[in-house]
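Residue numbers (the working numbering): 1 to 240. Built from N, CA and C at the ideal position, the CB exists for glycine as well.
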């Protein structure tokens, strides 16, 4: 298993100027970065609870796990880990619920359409690198309106390894034909920053996303931290 280097946390301003080199492309995480998918993810895991006679779990608590997929959501909703005997059945029920209602309440975050339009107008390719399985990623990307503009879509099972391993990001760089040193990766989880750095890319932490309940984004060692999707385009354009 890939283990990213461990470094002491440090604080960063909301728009750090630590990015270096000419940026020619932008890669994004999907859940919690481009799209607010938490409503449908939480609904799917809460249906697992209510189908078992349990009350729905609190939305805000479960929302924090939306970037962690089945492992995080099942763990938070039921207090079990993948090692528990009950986990596989709970995971399968959750995935079935989610696949059946993939894009009911999910929306692009405010500022994302303008961000992607600005990149396209600049002639700067953008793509998606997510840990979500392709069978969920591909239909969601189409339903939410991202399929036509994305230069690449890399899912959690596209390469043998998922983030924080750099393999998915390196594969995306190969797909769009741009060296990692000229790409910035934007994500709302520590593993996104770890993967981006391991791939040799600049990184931006999306503090407006789900971000989990561990280290704050300012402690992730990202090259910049943004509080809204609308702040990404000006930052990237200043480095292009």
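Listed in chain order, the non-local C-beta contacts of residue 172 below 7 Å within the same chain comprise 27, 127, 129, 152 and 154, local neighbours out to five positions each way being set aside. Under the three-state reduction of DSSP output, residue 223 falls in the coil class, being neither helix nor strand. Distance between residue 165 and residue 48, taken at the CA atoms: about 31 Å.
The beta carbons of residue 67 and residue 223 sit no closer together than 9 Å. Counting along the chain, residue 140 sits inside the alpha helix (DSSP H) bounded by residues 134–143. Around the beta-carbon of residue 148, fewer than 16 other beta-carbon atoms lie within 10 Å, marking it exposed.
Residue 65 and residue 73 have their C-alpha atoms spaced approximately 5 Å apart. Within the same chain, and ignoring the five residues on either side of residue 91 in sequence, the residues whose Cβ sits closer than 7 Å to its Cβ are 70 and 74. Sorting 179, 219, 183 and 82 by C-alpha distance to the C-alpha of residue 202 places 183 at the top. Comparing alpha carbon positions, the residue from 42, 225, 50 and 180 closest to residue 60 is 42. If you draw a 10 Å sphere on the C-beta of residue 76, you find 16 or more other C-beta atoms in it, and that means buried. Assignment of residue 187 by DSSP, reduced to helix, strand and coil, places it in the strand class. Taking a cut-off of 8 Å for Cβ pairs, the stretch 116–123 and the stretch 224–240 touch, as three or more such pairs fall below it. Note on geometry: alpha-carbon atoms of residue 25 and residue 124 lie some 5 Å from one another. Burial check for residue 158: the Cβ neighbour count within 10 Å reaches 16 or more, so the residue is buried. Residue environment: residue 36 is assigned as buried (16 or more neighbouring CB atoms within 10 Å of its CB, all protein chains considered). A Cβ-Cβ distance of about 7 Å is found for the pair residue 32 and residue 206, placing them in contact under the 8 Å criterion. Here residue 36 is bridged, per DSSP, to 107.
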